[in-house]
Amino acid sequence: MNPEPTSSVPCTPDPAHKELERLRASIDNIDAALVHMLAERFRCTQEVGKLKARAHLPPADPSRETRQIERLRQLAQDAHLDPDFAEKFLAFVIREVIRHHEAIAADSRNARNE
Numbered sequence: 410m411n412p413e414p415t416s417s418v419p420c421t422p423d424p425a426h427k428e429l430e431r432l433r434a435s436i437d438n439i440d441a442a443l444v445h446m447l448a449e450r451f452r453c454t455q456e457v458g459k460l461k462a463r464a465h466l467p468p469a470d471p472s473r474e475t476r477q478i479e480r481l482r483q484l485a486q487d488a489h490l491d492p493d494f495a496e497k498f499l500a501f502v503i504r505e506v507i508r509h510h511e512a513i514a515a516d517s518r519n520a521r522n523e
């Protein structure tokens, strides 16, 4: 019996495997950048939520959301990305932002009532 693990990947990767590794490394970098950009976006939207709570503004702003969706759909089209996918992605992000804003507003109301 051979105690060493065996691999179906040759010791010297062929060009397809090298290209696959290169592309996957790029995807990993892009994914990391997306996470960091989303984190920065949520830091900004948290500040918006706090401002809205202090000013007694509603957590959601449907007219702003509509403008954002239209803008993102155009950006997606310009970038040759499916606008429907971009809209679904933004709708998901907006729902999460509104959920955060609602929590901030509730915390603000509770603090005022104490």
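For my numbering, count along the sequence shown from 1 and bump the result up by 409.
Each residue gets a CB set at the ideal place from its N, CA and C atoms; glycine is no exception.
Keep in mind the model is a prediction, meaning the values are calculated, not measured.
Note on geometry: alpha-carbon atoms of Lys461 and Arg518 lie some 12 Å from one another. The Cβ-Cβ distance between Gln483 and Leu499 does not fall below 9 Å.
Residue Glu479 holds the alpha-carbon nearest to the alpha-carbon of Pro492 among Glu479, Asp470, Leu466.
Under the 10 Å beta carbon count, His510 is surrounded by 16 or more other beta carbons and is classified as buried. Distance from the Cα of Gly458 is smallest, within the candidate group Ala514, Ile436, Glu505, Leu447, for Ala514.
For the set Ala425, Thr454, Arg463, His489, the Cα lying nearest the Cα of Glu474 is the one of Thr454.
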